[in-house]
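Visitor: Residue numbers (the working numbering), protein chains in the order written: chain A, 1 to 510; chain B, 511 to 866.
Glycine included, each C-beta is placed from N, C-alpha and C at the ideal position.
Since the structure is predicted, the reported quantities are computational estimates derived from the model, not experimental observations.
Input: one structure, supplied below.
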Amino acid sequence: MTPVHGANPLRDAADRRLPRIAGPSGLVIFGVTGDLSRKKLMPAVYDLANRGLLPPGFSLIGFARREWEDEDFAQEVHDAVKEHARTPFREEVWQQLVQGMRFVQGNFDDDDAFERLKSTMQELDKAQGTGGNFAFYLSVPPKFFPQVVQQLKKHGLADAPEGSWRRAVIEKPFGHDLESAKELNAIVHEVFAPDQVFRIDHYLGKETVQNILALRFANTLFEPIWNRSYVDHVQITMAEDIGIGGRAGYYDGIGAARDVIQNHLLQLMALTAMEEPASFDADALVAEKAKVLGAVRLPKELGEHTVRGQYAAGWQGGEKAVGYLQEDGIDPKSKTDTYAAIKLGVDNRRWAGVPFYLRTGKRLGRRVTEIAVVFQRAPHSPFDHTATEELGQNAIVIRVQPDEGITVRFGSKVPGTSMEIRDVSMDFAYGESFTESSPEAYERLILDVLLGDSNLFPRTEEVELSWNILDPIEKYWDKHGKPAQYPAGTWGPAEADEMLARDGRSWRRP
Amino acid sequence: MKIDLTDTTSSKINKALVQGRRSIGTPAVGMVLTLVIVTDEENAYDALKAANEASREHPSRTLVVIKRVSRSPRDRTTSRLDAEVRVGVEAGTGETVILRLYGEVINHAQSVVLPLLLPDAPVVAWWPVNAPLDPAKDPLGALAQRRVTDTYAAEQPNDELEARAGAYTPGDTDLSWTRITPWRSMLAAALDQVTCKVNSVEVEGEEFNPSCELLAMWLAGRLDVPVKRSVSSGPGLTAVRMQTDCGAIVLDRPDGSLATLSIEGQPDRAVALKRRETSELIAEELRRLDPDDTYAAALKFGVDRLGDRATATGGQEPAADTAAPATAPAPAKKAAAKKAPAKSAAKKSASKAAAK
């Protein structure tokens, strides 16, 4: 039953039409009634099946407290797929999937339920031929991780039979500081081998993020200027226009920096700043990312080069929005940050002296994620001052979402008899990203889990290095001051603008 | 936005393209390739529709070259070029120019197309029907690095396959080959699961469907075993049966959508193997623009080296048990032969439905 790719005469490296299909396997989702599962995971599984990337007999087991039968579960998946899947609904694809759908009802402390899960998996091995290969997707709040993982161990579910695999998939947050991250890693690694643990950072599944590597290392155009000699600074922004919504319980006490900077933004920064990996495999990538994360240096004056904020009441895009402290379930005295901006340096030859400004926030102007590499001004200009008055700095902007693509900004002469130079943008847009052809991040990541391909998943050391960067800032914030207020629907507190003004720079309006 | 140009030239068309882009406010060109569709009036609409859908994945400039029939001798001596330029919503994510050629210029279509190609970007030529027998030598085909034909639209697919094999130039490809990618990937996945040696194969599908031959030739070439092609009433491919050291592996799709994969010693599994739309086929075609060596190898294997299809219907055990019409060999053969001209004629006009 072991897949022997080398021996399969129908496989040929030159035959590039054949997609990578996962081997026989199944996916167990804990917390299957949750939002993530309904909106992202189930549709992604369906889309994968629709693209013909799932193995025949692929099985999906839902585990949750709700009292459902297999049919109720199938109905729920059906509805979720119809509503959220990217690809059109096709009955035959559904028929393929539905045969392997099971539901196990139970609490995480319920030994019987895990025994039932075990027998369900065994039954699927027989009926569907999953071959003992299962991935456990822990779509549950982090406080349940230890319990679920321990239960898996106790009932022998984490031990793969000879020739098969068992993998664990976990979602952020990976702890709330270095210590808790290490604790969590210890718990998970006690049960699953480190290379069988997949940490989902859905940003890394996005086409544009993968394209950063293509842009940098497949071209000669950009890499020669991708260093301190030409780059003035880098701005990485992830802005949301929504508030915390119903996530008060999760969000309060965590805040924007832990929720976003620690994982998404530091990963984007690592990909932007890292050296060329020796090859495109997981080990080589993680080595380069870890190197650059390890070289990150915090500013000496944390008070001057970091800013946190909270959104206050205001108008966001024509709608009235309440302030963070007025949201349901939030302590009116909460010091949780909904906006965070930090300045980081990278201590290596390529980046010495080039600041990386990272910012994220909720209830900002609009929803956008981008990496802007801003270049230095020309050292000498043959044009007189008035001609270039309107000229900004050249920039390459990688637009991660929405409207994935790349923008290059440079100066161009304004048509007319006088010499006047102004900024223009050159755009590259990925084909409309909502078409069937462009896979959703979760699709790619789930497929990679089933294939055992860990390129796009942050490893333990990256998670720990990231906390290493963020912990001193969080500690400083705990002791000093309180979050600055900014009206909802703006681009953050005035303090953040001052932070850049001190360096003689300003934020891009994304 | 749509601009109509009557009795025009390529340079006027180029001007209209710039004008169209300006007026919809997107002067930047983000297109990755030029797709040249060479077709008759009858098939232009469906081909263009498929191309526009595919352009969502591959933003492209689509040039539709329609060679019009001239009715009178005088018409044949005069020549005229009409063009319809579409940019914006009417043209998917790229630009479309429909070129209608009359009279002498029909024989010089490449002179119209050449100035309209995007700079640097790759060129793909696609003949939905009536492809030239040697696409690389065709004046329009010579402009392209990828030449897409469709043997399914041919009157005599097997003869055409042989001709294609003879004339093969790197960059040639066939939508009948594209259609079987899901089958090939599922069969490869099935062999991933077992470590058995395959001893013989049978590919079963409707007659006059070159996809069956291509799949059979691919299997024969890769596995180096005898492959028998047998005939069923379709739709499309209906089954592949592999006899191996450790029992049979059967991929069976009687209804054109849901297939069953049976591997001896393992439970039967349902597999969705839908027949795909032309737009999906074109999108797959445009994903890789380098020569398809696997296709070349399969094509060059040679149709004549496959097990005889006539005897395959003769009720030998494996073919007989599923394909009902095949149990009565002689009438079935005759019926198939009689049906042939009508079927292929229908096929020509309905190449939109040529999704396998």
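#1: Buried or exposed: Met426 (chain A), going by 16 or more other Cβ atoms within 10 Å of its Cβ?
#2: Determine whether the beta carbon atoms of Ala663 (chain B) and Leu650 (chain B) lie at a separation below 7 Å.
#3: What residue range does the alpha helix (DSSP H) around Glu91 (chain A) cover?
#4: Would you verify that the beta carbon of Gly163 (chain A) is, or is not, closer than 7 Å to some beta carbon of chain B?
#5: Could you name the residues of chain B that Lys126 (chain A) contacts, counting a contact when the two beta carbons are closer than 7 Å?
#6: Could you list which residues in chain B have their beta carbon closer than 7 Å to that of Val93 (chain A), in chain order?
#7: Going along chain B, which residues have a C-beta under 8 Å from Asp12 (chain A)?
#8: Could you pull out every residue in the same chain whose Cβ sits closer than 7 Å to the Cβ of Met419 (chain A), ignoring the five residues on either side in sequence?
#9: Starting from the C-beta of Ala270 (chain A), find all residues in its chain whose C-beta is less than 6 Å away, skip the five residues before and the five after it, and write them out in chain order.
#10: In the DSSP assignment, the alpha helix (DSSP H) including Val209 (chain A) goes from what residue to what residue?
#11: Tell me whether Ala833 (chain B) sits in a helix, a strand or coil according to DSSP, three-state version.
#12: Along chain B, in chain order, which residues have C-beta atoms closer than 9 Å to that of Gly132 (chain A)?
#13: Which residues of chain D have a Cβ atom closer than 7 Å to the Cβ of Thr588 (chain B), listed in chain order?
#14: Taking a Cβ distance cut-off of 7 Å, strictly less, list which residues of the segment 6-37 of chain A are near chain B, in chain order.
#15: Please identify the residue among B:Pro764, B:Pro629 and B:Thr788 whose C-alpha is closest to the C-alpha of Glu92 (chain A).
#16: Considering only their Cβ atoms, is the gap separating Ile371 (chain A) from Leu268 (chain A) smaller than 7 Å?
#17: May I have a chain-ordered list of the alpha helix (DSSP H) segments no shorter than 4 residues that lie completely inside the segment 101-189 of chain A?
#18: When burial is assigned at 16 or more other CB atoms within 10 Å of the CB, is Val424 (chain A) buried or exposed?
#19: Among the candidates B:Arg786, B:Ser742 and B:Leu628, whose CA atom is the shortest distance from the CA of Ile690 (chain B)?
#20: For the beta strand (DSSP E) that Leu545 (chain B) lies in, which residues bound it at each end?
#21: Checking the sheet assignment: what are the DSSP bridge partners for Gly757 (chain B)?
#22: Determine the DSSP secondary structure at Phe410 (chain A), reduced to helix, strand or coil.
#23: Just verifying my parser: in three-state terms, what is the DSSP assignment at Phe73 (chain A)?
#24: Nearest chain A C-beta to Leu809 (chain B) closer than 7 Å, yes or no?
#25: Mind listing which residues of the segment 735-766 of chain B have their C-beta closer than 7 Å to chain A's C-betas, in chain order?
#26: Is Asn709 (chain B) helix, strand or coil by DSSP?
#27: Against chain B, which members of the segment 166-197 of chain A pass a CB distance test of less than 8 Å?
#28: Residues of chain B with CB under 9 Å from Arg90 (chain A), in chain order?
#29: Thinking C-beta only, is Thr360 (chain A) closer than 7 Å to Ala193 (chain A)?
#30: For Gln99 (chain A), go through chain B and note every residue whose CB falls closer than 7 Å to its CB, in chain order.
#31: Between Gly129 (chain A) and chain B, is there a C-beta pair that is closer than 7 Å?
#32: Under three-state DSSP, which class holds Leu591 (chain B)?
#33: Which chain A residues sit within Cβ distance under 9 Å of Val656 (chain B)?
#34: Against Ser695 (chain B), what residues of chain A qualify as contacts under a CB-to-CB distance less than 7 Å, listed in chain order?
#35: Can you tell me whether His264 (chain A) is buried or exposed? The criterion is at least 16 other CB atoms within 10 Å of its CB, across all chains shown.
#36: Which residues, taken in chain order from the segment 699-718 of chain B, show a beta carbon closer than 7 Å to some beta carbon of chain A?
Guide: So, from the listed chains and residues:
#1: Met426 (chain A) is exposed by the Cβ-count criterion.
#2: no
#3: Glu91 to Val98
#4: Residue-level contact check: Gly163 (chain A) does not touch chain B, since none of the beta carbons of chain B fall below 7 Å from its beta carbon.
#5: Pro777
#6: Ala782
#7: Arg732 and Thr804
#8: Phe383, Ala387 and Lys413
#9: Lys289, Val292 and Leu293
#10: Glu207 to Phe217
#11: At Ala833 (chain B), the pLDDT of 37 sits below 50, so the modelled position is not reliable and the matter cannot be decided from this model.
#12: In chain order: nothing, as chain B lies at least about 13 Å away.
#13: In the structure shown, chain D cannot be found, because the protein chains are A and B.
#14: Ala7, Asn8, Pro9, Leu10, Arg11, Asp12, Ala14, Asp15, Arg16, Arg17, Leu18, Pro19, Ile21, Gly23 and Pro24
#15: B:Pro764
#16: Annotated as proximal: Leu268 (chain A) and Ile371 (chain A), with beta-carbon spacing under 7 Å.
#17: 111-127 and 145-154
#18: exposed
#19: B:Arg786
#20: Leu543 to Thr549
#21: According to the DSSP secondary-structure assignment, Gly757 (chain B) is paired through a beta bridge with B:Thr754.
#22: strand
#23: helix
#24: no
#25: none
#26: strand
#27: none
#28: Ser767, Ala782 and Lys784
#29: no
#30: Ala780
#31: yes
#32: strand
#33: Per the sequence shown, the amino acid found at residue 656 (chain B) is Arg instead of Val. In chain order: nothing, as chain A lies at least about 13 Å away.
#34: Leu18, Pro19, Ile21 and Gly52
#35: buried
#36: Ala699, Leu701, Asp702, Gln703 and Thr705
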